[in-house]
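Chains S and Y, in that order, are what the protein sequence lines are. Quick note: the first sequence, position 473, residue 1314 per my numbering, numbers continuous. Quick note: the second sequence, position 87, residue 96 per my numbering, numbers continuous. Built from N, CA and C at the ideal position, the CB exists for glycine as well.
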Amino acid sequence: MTGLVRDYCVFLRRCLALAFVGDWRYYLWVGTLTVFCLLGLNAYAKQFVHGLVVTGMTDQVSWGVYIANFTFFVGVAAAAVMLVIPVYIYKNEELHELVIFGELLAVAAILMCLAFVTVDLGRPDRFWHLIPGIGKFNFPGSMLSWDVIVLNGYLLLNLYLCTYLLFCRYRKQMPSKWLYLPIVFVGILWAVSIHTVTAFLYVGLGGRPFWNSSIVGPRFLASAFTAGPALIILAMQVIRRVTATAPAGKAAWQREGATAPWGVIRRAATLADLDLLARHLPELASVSAQVRQESLAGAMVLEVAAGDALLRQGEKDTDAFFVLQGQVVVKREEGGLTRITRGLGPGEVFGEISALAGTPRTATAIAEEPTRVLRLPAESLRKLMRNHQMSRIIRSRMTERLMITDRGLLTLRSIVQVSMLINVFLLLNEVFKEFYTGNLHVAASEYLYFGLHGHRALVPWIWTATGCNLVAMVLLVLPLSRSLRLLNVACVLAIVGIWIEKGMGLVVPGFIPTPLGEIVEYSPTLNETLVCFGIWAFGLLCYTILLRMAVPILQGKISKANEPGRKPQDSDAQLRALLKS
Amino acid sequence: MNDSPSSTGRSDAWSDASPEQGMNRRSFLRATAALASGLAAIAALSPLRELESFSSVEEFLQKHYKEMTPEEMAKVLERIEREVERQYGLRPHVRDYKPMNGVEYVYCLNLTRCIGCRKCVHACVAENNQSRNPEIQYIRVLKMPNGTFDTEKADHNYAPELVPGKGFYYMPVQCHQCKNPPCVKVCPVKATWQEADGITVIDYNWCIGCRYCEAACPYWARRFNFTKPSIPKDKINPDMSYLGNRPRQQGVMEKCHFCIQRTRVGRYPACVEVCPTGSRKFGNILDPNSEVSDILQNKRVFILKEEVGTLPRFFYYFDI
Chain S
842 MTGLVRDYCV FLRRCLALAF VGDWRYYLWV GTLTVFCLLG LNAYAKQFVH
892 GLVVTGMTDQ VSWGVYIANF TFFVGVAAAA VMLVIPVYIY KNEELHELVI
942 FGELLAVAAI LMCLAFVTVD LGRPDRFWHL IPGIGKFNFP GSMLSWDVIV
992 LNGYLLLNLY LCTYLLFCRY RKQMPSKWLY LPIVFVGILW AVSIHTVTAF
1042 LYVGLGGRPF WNSSIVGPRF LASAFTAGPA LIILAMQVIR RVTATAPAGK
1092 AAWQREGATA PWGVIRRAAT LADLDLLARH LPELASVSAQ VRQESLAGAM
1142 VLEVAAGDAL LRQGEKDTDA FFVLQGQVVV KREEGGLTRI TRGLGPGEVF
1192 GEISALAGTP RTATAIAEEP TRVLRLPAES LRKLMRNHQM SRIIRSRMTE
1242 RLMITDRGLL TLRSIVQVSM LINVFLLLNE VFKEFYTGNL HVAASEYLYF
1292 GLHGHRALVP WIWTATGCNL VAMVLLVLPL SRSLRLLNVA CVLAIVGIWI
1342 EKGMGLVVPG FIPTPLGEIV EYSPTLNETL VCFGIWAFGL LCYTILLRMA
1392 VPILQGKISK ANEPGRKPQD SDAQLRALLK S
Chain Y
10 MNDSPSSTGR SDAWSDASPE QGMNRRSFLR ATAALASGLA AIAALSPLRE
60 LESFSSVEEF LQKHYKEMTP EEMAKVLERI EREVERQYGL RPHVRDYKPM
110 NGVEYVYCLN LTRCIGCRKC VHACVAENNQ SRNPEIQYIR VLKMPNGTFD
160 TEKADHNYAP ELVPGKGFYY MPVQCHQCKN PPCVKVCPVK ATWQEADGIT
210 VIDYNWCIGC RYCEAACPYW ARRFNFTKPS IPKDKINPDM SYLGNRPRQQ
260 GVMEKCHFCI QRTRVGRYPA CVEVCPTGSR KFGNILDPNS EVSDILQNKR
310 VFILKEEVGT LPRFFYYFDI
């Protein structure tokens, strides 16, 4: 037991030490974020002294961009659960590693939520009035007190899960199911609750017809499960890119020695080569002669010796390869282990993931015997894939072999896809009810979408949001977005759209017109905006540091096995050496 | 940066010195970075220097109104008197008035008679030590065109030389002191509650300033102190109550409290007293002979936003 406690302390200390180690890009990124945090802190200090008068809020519009952001990020936090459900309920192994990244995102998002609520308070010094037992907590009467409980509870649940799973990984131990599965299931329900409760904050106000609608809760969930996984899709790709890039220096030297100098024989490909390939790949026969001819532009035939690498994991070239003769082995390095994905014979394709998605190579391909391959530029592959049969065969092989994260990302895509459809459907329901009935309660919606009595501050915003959401929905529904680049576009559009719609588009119109019919418009001040930037930077900083700690542990680079002996703490050089290994 | 691991096995002076130097340089850089970020953080917090006695320790630790013993309350009242004296240069009389037994206040407003002169608004500001800059007012008078109750058609900022305007009627709105108050329900810290005589009050020292009550109120009756309220020294009303008109702090809510410091000693609220047309009636609904009981029984009474179910203690009525 004492050993366990000691291990845990060492684990925490080493995690902390990791936060301060990185290359110049890491320092630059963290430094930039810190500068923004400090700018935000400065703006908040001004607000603390002079009061909320430095914001654009008034008695008429008494909540603004702070509460709007709070609402949005509660959704992001809740959506982390969308990674958990496929893994633990449907046993989707591909997403397994990503669960921790999702939960860490939830932690960062909740911290941002708490920060946004705090800066919105008129008397932050009296926060202790909110602490159950010490203050005077209006539970269960006030939905805000429910929110305090569910948000902090969710933070604790996620912190526990992350540290427990990482600690097990650190000790190279299988996590005990009893110690985390119950928490996972509680966490799933809890995630739904944080967003439902946040919706109820608004729904429960009978004097505000714009919010007092039972569809707000479901809409909150649908939009959260769109924007959250969309954000995770983007974050995962950033993580992959940052962690996959081979460090310069020593590795470059290795590459030089081992990579084949592009074959013993190297020549332009001809139609005869395609005919040879068609013998092993009958689908090619259905491609018209003209397209085949066109696809030969830039195509090469290479002959390499056994042991030569044709492409390397992490590199950024985008050609696709077909095996004409011989045998190729695909290896993937992951978490310090090399996995042989599979051997490929004549007629089979490799390198198509990077060719189609433009991402760095997900694996290394090495000739196992003297091998002849056809090398096609990405455009040629796309041309061939305009043929239905070719497209099907290549895609089916691609999904078979996609690296874990890619398949994970596509799973997330289907979540975003369905949620977005539901989101837009619910929005249409709301719009119909509001505008078709056309009673006095439509004023807020009218203000939002068309402007009211000449006041139209939110009109350009909400139409931008609507446009973003619709384009994102169309992109997500089309098979086009199976390519990561278009998926990313769709995700960015969905996030921007939902951020506007659920932030400013939800909070501000609730106050306009006021219950007494007055119209006072709201726009955030510079100071308010700086505070928001500060909190965003703070959230990103938290997430960056959490990832900085989690990634080496997941990769197995930092573990109990390489714990420093006599000294209680790793020296800087030791830590760097471990990270590089 | 020199990252070569020191376990190369070679022991000549040159190779030993190299990581050592790297370490020195790195720790130097790191110390500089730490110093710089420390200084930057202090610089970022520098606006706090302008903070003048935001909250004393006593004030910070003060208990909730309902949990204070009479002795503790006496101390608090004494402290508030000292603070007001320090700020405004005159010693006020701050008391904690309790509700009277057998009393439930009701307010009736005659829409036929109101001429929209806004005398009530200004009497209220003077009586209740409301901030003049920024301006905080508990009563909002709506200038409504005849023939509609749609408040969206109201003019909130009318400023003619003469009232009433032809073709208009006037509807003053203030806290309706609801029997089912949404503002009380939503407050996360119970800083606002309904007293036995029906007045909804706020403990200005307990409010955290989340403004949830302001969003919940269907009558737009609550006001927030977006900054430190400012009242000219010669305009201070020294007759103060803890739950009523004592000066408020920055960052807390306030609202109409039926002039608790007057009504709980048997006087009329300031707005009732000042009204030149007698449109405003105030009294005890539990007394069957009171003026308000008579109005509710015999006049045509209208309840603003009756459909939201807040059961106001504020009624509009018509003569004709």
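Whose C-beta lies closer than 7 Å to the C-beta of residue 155 (chain Y) among residues of the same chain, with five residues either side of it excluded?
Position 146 of the second sequence, counted from the start, is the residue given in the question as residue 155 (chain Y). Cβ neighbours of residue 155 (chain Y) beyond the five flanking positions: 176, 177, 178.
Listing by chain order, which chain Y residues have their CB less than 8 Å from the CB of residue 971 (chain S)?
As a first step, residue 971 (chain S) must be located in the first sequence, where it is residue number 130. Those are 197, 198, 217, listed as they occur along chain Y.
Euclidean distance between Cα positions of residue 794 (chain S) and residue 891 (chain S)
Since the first residue of chain S shown is 842 and the last is 1422, residue 794 (chain S) is not available in this structure.
Kindly list the residues whose CB is nearer than 7 Å to the CB of residue 1277 (chain S), restricted to its own chain and excluding five residues on each side of it in sequence; keep chain order.
Against the first sequence, residue 1277 (chain S) aligns to sequence position 436. The beta carbon of residue 1277 (chain S) is closer than 7 Å to none in its chain, skipping five residues each way along the sequence.
Look at the Cβ atom of residue 219 (chain Y), then the Cβ atom of residue 192 (chain Y), and state whether they are nearer than 7 Å.
On the second sequence, residue 219 (chain Y) is found 210 positions in, with the first residue counted as 1. On the second sequence, residue 192 (chain Y) is found 183 positions in, with the first residue counted as 1. At the C-beta level, residue 219 (chain Y) and residue 192 (chain Y) stay beyond 7 Å of one another.
Assigned exposure category for residue 1106 (chain S) - 16 Cβ within 10 Å defines buried
Counting from one through the first sequence, the residue named residue 1106 (chain S) turns up at place 265. Exposed: under 16 other Cβ atoms inside 10 Å.
In whole angstroms, what separates the C-alpha of residue 199 (chain Y) from that of residue 979 (chain S)?
Sequence index remark: in the second sequence, residue 199 (chain Y) carries index 190 (1-based). Sequence index remark: in the first sequence, residue 979 (chain S) carries index 138 (1-based). Counting only the Cα atoms, residue 979 (chain S) lies some 6 Å from residue 199 (chain Y).
In chain Y, which residues lie less than 9 Å from residue 1379 (chain S) when you measure between Cβ atoms?
Counting from one through the first sequence, the residue named residue 1379 (chain S) turns up at place 538. Around residue 1379 (chain S), no beta-carbon contact reaches into chain Y at under 9 Å, the shortest distance being about 13 Å.
DSSP three-state assignment for residue 69 (chain Y), whether helix, strand or coil
Sequence index remark: in the second sequence, residue 69 (chain Y) carries index 60 (1-based). In the three-state scheme derived from DSSP, where H, G and I count as helix and E and B as strand, residue 69 (chain Y) is classed as helix.
Answer with buried or exposed for residue 33 (chain Y), where buried requires no fewer than 16 other C-beta atoms within 10 angstroms of its C-beta.
For the purposes of this step, residue 33 (chain Y) is taken as residue 24 along the second sequence, with counting starting at 1. Its Cβ having fewer than 16 others within 10 Å, residue 33 (chain Y) is exposed.
Run through chain Y and tell me which residues come within less than 7 Å of residue 870 (chain S), C-beta to C-beta.
Here residue 870 (chain S) corresponds to residue number 29 of the first sequence, with the count starting at 1. The CB of residue 870 (chain S) never comes closer than 7 Å to any CB in chain Y; the least such distance is about 14 Å.
Using the beta-carbon count (16 or more within 10 Å), is residue 927 (chain S) buried or exposed?
As a working mapping, residue 927 (chain S) is identified with position 86 in the first sequence. That one is buried.
Could you check if residue 987 (chain S) is buried or exposed, using at least 16 other CB atoms within 10 Å of its CB as the buried criterion?
Numbered from its first residue, the first sequence carries residue 987 (chain S) at position 146. Burial call: buried.
Return the CA-CA distance between residue 1200 (chain S) and residue 911 (chain S), expressed in angstroms with no decimal places.
Counting from one through the first sequence, the residue named residue 1200 (chain S) turns up at place 359. Counting from one through the first sequence, the residue named residue 911 (chain S) turns up at place 70. Between residue 1200 (chain S) and residue 911 (chain S), the C-alpha separation is close to 33 Å.
Out of S:1166, S:1187, S:1221, point me to the one whose CA is closest to residue 1193 (chain S)'s CA.
On the first sequence, position 352 is the one that residue 1193 (chain S) refers to. The shortest C-alpha to C-alpha distance from residue 1193 (chain S) to any of S:1166, S:1187, S:1221 is the one to S:1221.
Tell me which same chain residues have a C-beta within less than 7 Å of the C-beta of residue 1336 (chain S), skipping the five on either side of it?
Residue mapping note: residue 1336 (chain S) aligns to position 495 of the first sequence, counting from 1. If we look at residue 1336 (chain S) and ignore the five residues flanking it on each side, its Cβ neighbours are 1068, 1071, 1072.
For residue 202 (chain Y), which of helix, strand or coil comes out of DSSP?
Locating residue 202 (chain Y) in the second sequence gives position 193, counting from the first residue. Note: residue 202 (chain Y) maps to strand in three-state DSSP.
Confirm, please, whether the CB-CB distance from residue 121 (chain Y) to residue 303 (chain Y) is below 7 Å.
In the second sequence, residue 303 (chain Y) corresponds to position 294, counting from 1. In the second sequence, residue 121 (chain Y) corresponds to position 112, counting from 1. Cβ distance not < 7 Å, so residue 303 (chain Y) and residue 121 (chain Y) don't count as in contact.
Any Cβ of chain S within less than 7 Å of the Cβ of residue 64 (chain Y)?
On the second sequence, residue 64 (chain Y) is found 55 positions in, with the first residue counted as 1. So, interface residue.
With 16 as the cutoff for other CB atoms within 10 Å, does residue 140 (chain Y) come out buried or exposed?
The residue you call residue 140 (chain Y) lines up with position 131 of the second sequence. Flag for residue 140 (chain Y) reads buried.
Start-to-end residues for the beta strand (DSSP E) that takes in residue 1216 (chain S)
Reading the first sequence from its first residue, position 375 is the one you call residue 1216 (chain S). 1212-1217 is the span of the beta strand (DSSP E), which, as asked, contains residue 1216 (chain S).
What is the rounded straight-line gap between the Cα of residue 1169 (chain S) and the Cα of residue 1202 (chain S)?
Counted from its first residue, the first sequence places residue 1169 (chain S) at position 328. Counted from its first residue, the first sequence places residue 1202 (chain S) at position 361. Cα to Cα, residue 1169 (chain S) sits roughly 16 Å from residue 1202 (chain S).
Within the continuous alpha helix (DSSP H) that includes residue 1013 (chain S), where are the two ends?
Reading the first sequence from its first residue, position 172 is the one you call residue 1013 (chain S). Neither: residue 1013 (chain S) is in no alpha helix (DSSP H) and is coded neither H nor E.
Is there a Cβ of chain Y sitting closer than 7 Å to that of residue 1091 (chain S), yes or no?
For this step, residue 1091 (chain S) is matched to residue 250 along the first sequence. Model confidence at residue 1091 (chain S) stands at a pLDDT of 31, short of 50, so the residue's coordinates are unreliable; what they give is reported in the following sentence. Not one chain Y Cβ lies under 7 Å of residue 1091 (chain S).
Mind checking residue 186 (chain Y): buried by the 16 CB within 10 Å criterion, or exposed?
Position 177 of the second sequence, counted from the start, is the residue given in the question as residue 186 (chain Y). The residue is buried, with at least 16 neighbouring Cβ atoms inside 10 Å.
Note down the Cα distance separating residue 849 (chain S) from residue 1004 (chain S), rounded to an integer number of angstroms.
Counted from its first residue, the first sequence places residue 849 (chain S) at position 8. Counted from its first residue, the first sequence places residue 1004 (chain S) at position 163. Between the alpha carbons of residue 849 (chain S) and residue 1004 (chain S) lies a gap of roughly 10 Å.
Is the region 901-911 of chain S close to the region 1022-1032 of chain S, with three or more CB pairs under 8 Å?
Too few Cβ pairs lie closer than 8 Å, so no.
Which bits of chain S does residue 226 (chain Y) rub up against, with CB to CB less than 8 Å?
Indexing the second sequence from 1 puts residue 226 (chain Y) at position 217. Residues of chain S passing the Cβ test: 1048, 1356.
Starting from residue 116 (chain Y), trace the beta strand (DSSP E) both ways and give me its first and last residue.
Taking the second sequence and counting its residues from 1, the one referred to as residue 116 (chain Y) is at position 107. Residues 114-119.
Between residue 12 (chain Y) and chain S, is the shortest Cβ-Cβ distance under 7 Å, so that the two count as touching?
Taking the first residue of the second sequence as position 1, residue 12 (chain Y) is located at position 3. Confidence in residue 12 (chain Y) is poor, its pLDDT being 41 and thus under 50, which makes the residue's placement unreliable; the coordinate value appears in the next sentence. It does; some Cβ of chain S falls within 7 Å.
Candidates Y:245, Y:137, Y:146: closest to residue 230 (chain Y) by CA position
Along the second sequence, read from residue 1 onward, the residue named residue 230 (chain Y) stands at position 221. Selected option, being the one with the closest Cα: Y:146.
Under 7 Å, do residue 1381 (chain S) and residue 874 (chain S) count as touching if we go by C-beta distance?
By 1-based counting over the first sequence, the position of residue 1381 (chain S) is 540. By 1-based counting over the first sequence, the position of residue 874 (chain S) is 33. Cβ atoms of residue 1381 (chain S) and residue 874 (chain S): closer than 7 Å.
Report the rounded CA-to-CA distance for residue 918 (chain S) versus residue 1144 (chain S), giving the unit in angstroms.
As a working mapping, residue 918 (chain S) is identified with position 77 in the first sequence. As a working mapping, residue 1144 (chain S) is identified with position 303 in the first sequence. Residue 918 (chain S) and residue 1144 (chain S): Cα-Cα distance of roughly 51 Å.
May I have the straight-line CA-CA distance separating residue 1092 (chain S) from residue 1153 (chain S), to the nearest angstrom?
Locating residue 1092 (chain S) in the first sequence gives position 251, counting from the first residue. Locating residue 1153 (chain S) in the first sequence gives position 312, counting from the first residue. Residue placement at residue 1092 (chain S) is poorly supported in this model, since its pLDDT is 32, which falls under 50; the coordinates still yield a value, given next. Rounded to the nearest angstrom, the two C-alpha atoms are 12 Å apart.
For residue 1050 (chain S), I'd like the list of residues in its chain whose CB is within less than 6 Å of its CB, leaving aside the five on either flank, ordered along the chain.
Within the first sequence, numbered from 1, the residue matching residue 1050 (chain S) stands at position 209. The beta carbon of residue 1050 (chain S) is closer than 6 Å to those of 1282 in its chain, skipping five residues each way along the sequence.
Check residue 910 (chain S) in the structure and name its three-state DSSP category.
Counting from one through the first sequence, the residue named residue 910 (chain S) turns up at place 69. Residue 910 (chain S): helix per DSSP, three-state reduction.
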